[in-house]
Amino acid sequence: MINSKTKADVLVIGLGAHGSSIVYSLAKNGISVIGFDSFHPPHRMGSSHGKARVIRKSYSEGIHFVPMLERSYELFFDLQDLTGSELIKITGGLTVAKKGSDVLDGIKNSAKTYNCEIEILSPSEMKYRWKIFNPDQDMEGVLDLMGGALFPERIIKANLDISKDHGADLRFNTKIVKWRSTGNGVSLETEKGDIIYGDTLIISSGAWLSTLLEDLNLPLFVERQVLFWFNPIKNSKIFLPENSPNHSWEYEDGRTIYVQPNFGQGVKAAIHHDGYEVHPEKINRNRLNVNEEKKLRSIMNPYIPDLDIDSIDHAVCMYTNTPDREFIIDFHPNYKNVLVISPCSGHGFKFSPVIGEIVFNLIITNKCEFNLNPFSIERLL
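Take any residue in the sequence shown, note its place counting from 1, add 1056, and you have its number in our numbering.
As structure tokens, then:
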């Protein structure tokens, strides 16, 4: 019998969006697993917080993501049914950009290829349906009817709680400083000097990935991302999730802001991929540059004029980006008992349950029903 205090079938470093889904998928299928996190998840120190996250099905980033998204939706609803807690809410997801833009063409292509339900809306139709919106006349809106919100802290807690019920050994506030792979398995060393052994290692450490994979010198860019919440100054009922979709606005070619309805804590808004490079141990999580909020408001106000000029809350998270903004889902090139599941380039939370399932299948059968070629680690070496 495996001693879960010193050895397990699988060791997982990082228990955020993907790590928590991985331990959940493994533990519920009878795999002994020990999971480690440097903090106490769910927490605000990494990339897996923010009160609400976007989920969408007609994916502009590439049609290869859509089959994975379809499975993610199923798994999120399964987890919601299992817990009885609201983890996902369908509101619709509206993307607004200039007619003929790459982002709108990408959404339409995904919808056509996988028969996703969308509506194409003119500026006047958008204004009629949601009078809080003020699109430019050369813009077009595409409404993904399956777009919605995920509640990340609840999801991570649910994953971890159920994992524990299935026997997972979860070690919070436990930093891993070293790992080793041999022909007989893997070993980890904690900051306190404890050694833990396993057959397989999963590294899902997000912004800390480069620290744990220094030998590979991966070209990753850890980006500071600031999130804001605002109160409406009028038409407050229209900002509620039953009346308003998620919405993103391409204000320049390839540059977007995204906004989510008011789920009781204000209207969330942020500029997507507008941060500067940081080290996860040195990031400023508290003090804002005065221009960060000012810039968002200057972009957002012409399109959504009914939000207050001053935010009521903010948070800082990190995007860990690859050069092509794809994921990494692959075995270490030198160690076939080490699986790297990260980073997600600022759009990965919605994939977390299917990635947990993918990891289980890769470990047990070394097979996967999805095309993982775009996520190869070799492309970055």
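We put the CB at the ideal spot given by N, CA and C, even for glycine. Please read all numbers here as calculations on a predicted model, not as lab measurements.
Measure the alpha-carbon distance for residue i versus residue j and round it to whole angstroms.
{"i": "GLN1321", "j": "SER1292", "result": "13 Å"}
{"i": "PHE1092", "j": "ARG1185", "result": "47 Å"}
{"i": "CYS1400", "j": "ASN1393", "result": "21 Å"}
{"i": "SER1076", "j": "ASP1194", "result": "43 Å"}
{"i": "HIS1096", "j": "ARG1109", "result": "20 Å"}
{"i": "GLU1175", "j": "VAL1198", "result": "6 Å"}
{"i": "GLU1413", "j": "SER1081", "result": "6 Å"}
{"i": "PRO1301", "j": "MET1374", "result": "25 Å"}
{"i": "GLU1245", "j": "VAL1410", "result": "29 Å"}
{"i": "ILE1360", "j": "VAL1068", "result": "42 Å"}
{"i": "HIS1074", "j": "LYS1350", "result": "33 Å"}
{"i": "SER1060", "j": "ASN1318", "result": "Its pLDDT being 43, under 50, SER1060 is placed unreliably by the model, and nothing is read from it."}
{"i": "ARG1280", "j": "TRP1264", "result": "13 Å"}
{"i": "ASN1229", "j": "ILE1251", "result": "16 Å"}
{"i": "VAL1066", "j": "GLY1204", "result": "33 Å"}
{"i": "LEU1352", "j": "LYS1063", "result": "48 Å"}
{"i": "ILE1039", "j": "PRO1297", "result": "With the chain covering 1057 to 1437 only, the question about residue 1039 has no answer from this structure."}
{"i": "LEU1135", "j": "ILE1218", "result": "10 Å"}
{"i": "ASP1362", "j": "ILE1368", "result": "15 Å"}
{"i": "PHE1387", "j": "PHE1286", "result": "42 Å"}
{"i": "SER1128", "j": "PRO1389", "result": "27 Å"}
{"i": "VAL1159", "j": "ILE1258", "result": "33 Å"}
{"i": "ILE1385", "j": "GLU1126", "result": "18 Å"}
{"i": "GLU1337", "j": "PRO1179", "result": "45 Å"}
{"i": "ALA1033", "j": "LEU1131", "result": "Because the chain in this structure spans residues 1057 to 1437, residue 1033 falls outside the shown range and cannot be described."}
{"i": "GLU1382", "j": "LEU1138", "result": "31 Å"}
{"i": "ASP1221", "j": "HIS1370", "result": "34 Å"}
{"i": "ASN1171", "j": "LYS1145", "result": "21 Å"}
Report the option in the options whose CA atom is closest to the CA atom of residue i.
{"i": "ILE1119", "options": "LYS1155, PHE1132 and LYS1164", "result": "LYS1164"}
{"i": "PRO1430", "options": "VAL1372, THR1378 and LYS1084", "result": "THR1378"}
{"i": "VAL1079", "options": "ARG1227, LYS1168, SER1180 and LEU1125", "result": "ARG1227"}
{"i": "TRP1443", "options": "ALA1326, PRO1297, ASN1287 and PHE1295", "result": "Since the first and last residues shown for the chain are 1057 and 1437, residue 1443 lies out of range."}
{"i": "SER1266", "options": "GLU1413, ASN1345 and VAL1334", "result": "VAL1334"}
{"i": "LEU1143", "options": "LEU1276, SER1103, LYS1187 and LYS1107", "result": "LYS1107"}
{"i": "LEU1395", "options": "PRO1361, GLU1279 and ILE1419", "result": "ILE1419"}
{"i": "PHE1189", "options": "SER1094, SER1237, ASP1255 and GLN1316", "result": "GLN1316"}
{"i": "GLU1181", "options": "HIS1099, ILE1212, TYR1307 and GLU1196", "result": "GLU1196"}
{"i": "HIS1329", "options": "ASP1309, VAL1323 and THR1139", "result": "ASP1309"}
{"i": "ASN1345", "options": "CYS1424, THR1230 and VAL1372", "result": "VAL1372"}
{"i": "GLU1173", "options": "PRO1191, SER1157, GLY1149 and ARG1210", "result": "GLY1149"}
{"i": "ASP1366", "options": "ILE1289, ILE1294 and PRO1208", "result": "ILE1289"}
{"i": "ILE1339", "options": "LEU1268, THR1139, LYS1220 and VAL1282", "result": "VAL1282"}
{"i": "ASP1161", "options": "GLN1136, GLU1117 and THR1147", "result": "GLU1117"}
{"i": "ARG1210", "options": "SER1104, ILE1384 and GLU1348", "result": "SER1104"}
{"i": "ARG1100", "options": "SER1243, PRO1191 and ILE1212", "result": "ILE1212"}
{"i": "VAL1242", "options": "THR1256, LYS1154 and GLU1382", "result": "THR1256"}
{"i": "LYS1324", "options": "PRO1191, MET1124 and LEU1206", "result": "LEU1206"}
Could you tell me which residues DSSP puts in a beta bridge with residue i?
{"i": "LYS1406", "result": "For LYS1406, which the question treats as bridged, DSSP gives no partner whatsoever."}
{"i": "GLY1204", "result": "ILE1111 and ILE1146"}
{"i": "ILE1252", "result": "LEU1244"}
{"i": "HIS1120", "result": "Looking at the DSSP assignment, HIS1120 forms no beta bridge with any residue, so it has no partner."}
{"i": "THR1151", "result": "VAL1198 and SER1304"}
{"i": "PHE1387", "result": "LEU1395"}
{"i": "ARG1227", "result": "PHE1092"}
{"i": "TYR1375", "result": "GLU1279"}
{"i": "GLN1316", "result": "LYS1324"}
{"i": "ARG1236", "result": "SER1243"}
{"i": "HIS1105", "result": "Paired residues: none, contrary to the question."}
{"i": "ILE1069", "result": "PHE1092 and ILE1259"}
{"i": "HIS1222", "result": "Its beta-bridge partners do not exist; DSSP assigns none."}
{"i": "LYS1063", "result": "TYR1253"}
{"i": "HIS1370", "result": "PHE1284"}
Would you call residue i buried or exposed, if buried means 16 or more other Cβ atoms sit within 10 Å of its Cβ?
{"i": "ASP1200", "result": "buried"}
{"i": "HIS1403", "result": "buried"}
{"i": "SER1354", "result": "exposed"}
{"i": "ILE1058", "result": "No answer about ILE1058 holds up, because its pLDDT of 40 lies below 50 and its placement is not dependable."}
{"i": "PRO1275", "result": "exposed"}
{"i": "ASN1240", "result": "exposed"}
{"i": "ASN1215", "result": "buried"}
{"i": "GLY1262", "result": "buried"}
{"i": "SER1141", "result": "exposed"}
{"i": "TYR1332", "result": "exposed"}
{"i": "GLU1425", "result": "exposed"}
{"i": "GLY1086", "result": "exposed"}
{"i": "GLU1247", "result": "exposed"}
{"i": "THR1169", "result": "exposed"}
{"i": "VAL1233", "result": "exposed"}
{"i": "ASP1113", "result": "A small fix is needed here, since residue 1113 is Lys in this sequence, not Asp. By the neighbour-count rule (16 or more Cβ atoms within 10 Å), LYS1113 is buried."}
{"i": "THR1044", "result": "This structure leaves residue 1044 out entirely; the chain is present only between 1057 and 1437."}
{"i": "LEU1437", "result": "exposed"}
* alpha helix (DSSP H) runs wholly inside the stretch 1249-1311, at least 4 long, in chain order -> 1265-1268
* **Whole runs of the alpha helix (DSSP H) within the stretch 1318-1368, excluding any shorter than 4 residues** => 1346-1356
* **Length at least 3, wholly inside the stretch 1159-1185: the beta strand (DSSP E) runs in chain order** => 1174-1177
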